[in-house]
Amino acid sequence: MRTRVVMLVDMDYFFAQCEELRNPAISGKPVVVCVFSGRSEISGAVSTANYVARSYGVKSGMPIYSAKRKLENVDAAFFPVDEKYYEDISARVMNILRTYADIFEQAGIDEAFLDVTQKTRGQFQEATELANKIKEELKTQLKLTCSIGIGPNKLVAKVASDERKPDGLTVVGAEQVQEYLSPLNVGRLLGVGSKTQEKMLGLGINTVGELARYDTQKLKEVFGKAMSMYFHRVALGIDDESVEEKSEAESFSRIATLKQDSSDLNFIMETAERLCSEIHSTIVNEKANFKTVGIIIILKDLSTHTRSRTLENPTNSLELLKKNIKELFEKFFVETEGEARRVGVRVSNLSKEQKSQKQLTSFIQKSSG
Ligand code: DCP
Ligand code: CA
Ligand code: CA
């Protein structure tokens, strides 16, 4: 596989930086963004804090009262989270980032992977210049700072983006991966939470280099086959996951007119099954999964009705689609009088299919401990 150049752009202290943006008066003060639980005036947790507040020991996830205590007698600003506003800023950030990438993948509200292999002709030097341009544009257009990591894959780019913050830029060339990762604390790796780190410490593993050299058989005994294989590869800086554009569409639907008006389930399902198959092809083409399935019914009197249900897990199964659609139609005609003229099928709540089982993201979810 030829060398890729992958960038991870992560906004600095994002929610707090957004608050600074619209409240210029708080400039230079500690800023704490809080998720108030509503039980008492200060119950809840810190969502994030700017770097001034962090210098007092304030951290994401800590109880609000702890943050207040750390900032006692300090002129600090506390805000409740305003997700809608941050999403609006996020969309502007992403629109700028998108223009710099060959392939663009938003990975969270404040971060995105950019595959820039073609744009930079595989040159890390060119990628560095590109990263500086991105930083410049975010500063002039939006007055926001970010930290950027560049590496030969997502894993290295992500770790590197955390290296220098705020307003950092860290470049790890394909030949420098081992050298760069080896001395780092294992806690820096995606998927190594505090519990996992503790277990590794118990095995005498402190650094990524020590993890890479650790006996894989012994690792297996502690963490199981899948996780130990993942840890081993990650410690070596190996990651083949591609940067992938997420499906733009929010739903897919098909609708058709019945040969005759009907409330007969079997008759309706003949048409509905065809629609399911059509949607299924689209889903497979788009490499997408759906989690919500729905039906659309236009009755003889031209009134439109919709019903939907959300499944437990995302899927691309045609069988599951047909089964759920059938149940929805069945339920509809039990509850509702009338004959259908047109019927439709819809899937939504879409996500991109994970092609490899060893996807980083699927592992983080499993190993959040
Ligand atoms: N967030 C949150 N609770 C957490 C972690 C994060 O509500 N435990 C929210 C607030 C953050 C945003 O997500 O601003 C992005 O998370 P990051 O982990 O990227 O953290 P920040 O952007 O706040 O800080 P950093 O400068 O370290 O990236
Ligand atoms: Ca961030
Ligand atoms: Ca982030």
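Numbering (the numbering used here), first residue to last: 1489 to 1857.
The beta carbon of each residue, even a glycine, is placed where N, CA and C say it ideally should be.
The model shown is predicted, which means the values in this text are computed figures rather than measured ones.
Over what stretch of residues does the alpha helix (DSSP H) that includes residue i continue unbroken?
i, result
"E1686", "S1682 to G1690"
"S1769", "L1753 to N1773"
"T1704", "T1704 to F1711"
"K1623", "F1612 to E1625"
Please work out which residues of its chain come closer than 7 Å, Cβ to Cβ, to residue i, disregarding the five sequence neighbours upstream and downstream, and give them in chain order.
i, result
"A1600", "V1497, M1582, L1585, F1592, E1593 and Q1594"
"E1733", "I1591, F1592 and E1593"
"I1530", "I1552, Y1553 and K1556"
"R1742", "L1763, E1766, I1767, G1832 and V1833"
"K1558", "Y1544, G1545 and V1546"
"S1855", "Summary for S1855: the model assigns pLDDT 43, below 50, so the residue's position carries little reliability; its value from the coordinates is reported in the next sentence. Within the same chain, S1855 has close Cβ partners G1679, G1681, T1684 and M1715."
"D1655", "D1500, T1633 and S1635"
"A1589", "L1602, D1603 and V1604"
In whole angstroms, give me the CA-to-CA distance for residue i and residue j.
i, j, result
"S1836", "R1797", "10 Å"
"S1554", "R1527", "16 Å"
"Q1748", "F1755", "9 Å"
"N1673", "E1686", "12 Å"
"L1724", "Q1629", "38 Å"
"T1695", "A1648", "16 Å"
"Q1611", "V1659", "11 Å"
"E1807", "K1779", "14 Å"
"K1788", "K1811", "25 Å"
"Y1668", "R1492", "17 Å"
"I1636", "R1652", "9 Å"
"K1462", "V1680", "Missing from the structure shown is residue 1462; the chain here goes from 1489 to 1857 and no further."
"I1813", "L1657", "50 Å"
"L1691", "V1710", "9 Å"
"D1563", "K1713", "51 Å"
"S1513", "T1587", "In the sequence under discussion, the amino acid at residue 1513 is Ala, which differs from the Ser named in the question. Between A1513 and T1587, the C-alpha separation is close to 32 Å."
"C1758", "K1621", "Sequence check: residue 1758 is Glu here, not Cys. So the alpha carbons of these two residues sit roughly 56 Å apart."
"S1730", "R1676", "21 Å"
"S1535", "F1502", "10 Å"
"E1575", "N1773", "29 Å"
"L1699", "S1515", "42 Å"
"V1479", "A1744", "Residue 1479 is absent from the structure shown; the chain starts at 1489 and stops at 1857."
"I1638", "L1809", "41 Å"
With a CB to CB cut of under 8 Å and the five nearest residues on each side skipped, what residues in its chain are close to residue i?
i, result
"N1777", "I1771, P1802, T1803, N1804, L1838, S1839, K1840 and E1841"
"Q1853", "Here Q1853 scores only 46 on pLDDT, less than 50, and its place in the model should not be relied on; the value that follows carries that caveat. Hits under 8 Å: none found."
"T1608", "V1493, E1614, A1615 and L1618"
Identify which residue in the options has its Cα closest to the Cα of residue i.
i, options, result
"S1750", "V1680, F1821, E1571 and A1619", "F1821"
"P1568", "A1541, F1524 and S1716", "F1524"
"M1499", "L1806, R1701, D1603 and I1577", "I1577"
"S1739", "I1597, V1781, Y1718 and Y1702", "V1781"
"L1678", "R1701, K1642, F1711 and M1757", "K1642"
"A1537", "L1689, E1625 and C1506", "C1506"
"L1753", "V1493, T1824, R1652 and P1512", "T1824"
"P1640", "K1607, I1767, G1661 and K1706", "G1661"
"Y1435", "M1688, M1550 and D1598", "Lying before the first or after the last residue shown, residue 1435 is absent from the chain, which here runs from 1489 to 1857."
"T1794", "L1809, K1706 and K1819", "K1819"
"M1550", "A1564, E1575, C1522 and V1722", "C1522"
"R1580", "D1650, L1626 and I1638", "L1626"
"P1518", "R1510, A1541 and V1534", "A1541"
"F1566", "K1623, A1504, K1621 and N1620", "A1504"
How far does the beta strand (DSSP E) with residue i in it extend, from its first residue to its last?
i, result
"K1747", "S1739 to S1750"
"G1446", "There is no way to answer for residue 1446, as the model of the chain reaches only from 1489 to 1857."
"S1635", "C1634 to G1639"
"L1799", "T1792 to T1803"
"E1732", "First-last for E1732: undefined, no H or E at that position."
"K1779", "A1776 to L1787"
"G1679", "From DSSP, G1679 is part of no beta strand (DSSP E); its letter is neither H nor E."
Keeping to the same chain, check which residues put their C-beta closer than 6 Å to that of residue i; ignore five residues upstream and five downstream.
i, result
"T1704", "H1720"
"I1786", "T1792, R1829 and R1830"
"E1663", "none"
Inside the region 1502–1575 only - beta strand (DSSP E) runs reaching at least 3 residues: 1519–1524, 1532–1537 and 1565–1568
- request: Give every residue whose Cβ lies closer than 7 Å to any heavy atom of ligand 5, listed in chain order.
  value: In the structure shown, ligand 5 is absent; the only ligands present are ligand 1, ligand 2 and ligand 3.
task: Identify every run of the beta strand (DSSP E) within the region 1635–1669, keeping only runs that are complete inside it and at least 3 residues long; order them along the chain.
output: 1657–1659
- request: Scan the region 1805–1841 and note each continuous alpha helix (DSSP H) run of 4 residues or more that stays entirely inside, going in chain order.
  value: 1806–1823
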